[in-house]
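Chemist: So the sequence shown is numbered by the numbering used here: it starts at -12 and just counts up by one.
First, the structure itself, so that you have it in front of you.
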Amino acid sequence: MTNKVQQPDTQQLSAQQAKVNEEMLRLAKHIPSDSTILIMRIVGLFIICVGTALLFSWDVHAADVFAPAKNEIVDTVGTGSTAQFAILVVGLCAGALTGFLTKDWGKAIGGFIVGMIFINVTLKVVGL
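Shown next, in the form of structure tokens:
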């Protein structure tokens, strides 16, 4: 009596291997790339940070810190005060120095004007 081990058909094996390979390729298309995973991690971390910031700031009630001293601040820095005159003088000196050093008086005078507009707008925004 001879033991005959049945050998599987090579064509059947190659057909099964082809099906397995097809299925692996089909599934591999759904795996995100490394750059996509990195972007997903960054976006997830950003969402967690924003959510945490919103959660911690939920019960914040801001009060005007300068309310008790507002009159004193207006007297010190308000219109016609010594502080505002000092800011004007410093701006004029900076404009003159810039004009002398660069010999470009248009930019020096323009810088002074832009600086004064900025100061006036800032004082209005702050409430002075």
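Each residue gets a CB set at the ideal place from its N, CA and C atoms; glycine is no exception.
Return yes when the Cβ of V64 is within less than 9 Å of the Cβ of L32, no when it is not.
Modeler: Their beta carbons are not under 9 Å apart, which means L32 does not touch V64 by this criterion.
Chemist: Drop a sphere of 10 angstroms on the beta-carbon of A70, count the other beta-carbons inside from all chains shown, and report buried for 16 or more, exposed for fewer.
Modeler: Answer is exposed; the Cβ neighbour count stays below 16.
Chemist: Out of curiosity, what's the CA-to-CA distance linking V7 and V37?
Modeler: Rounded to whole angstroms, V7 to V37 spans 44 Å at the Cα level.
Chemist: Quick one: is G114 buried, meaning 16 or more other Cβ sit within 10 Å of its Cβ, or exposed?
Modeler: Answer is exposed; the Cβ neighbour count stays below 16.
Chemist: So what's I106 in DSSP terms, helix, strand or just coil?
Modeler: I106: helix per DSSP, three-state reduction.
Chemist: What did DSSP end up calling T23 once you bin it into helix, strand or coil?
Modeler: The answer is helix: DSSP assigns T23 an H, G or I state.
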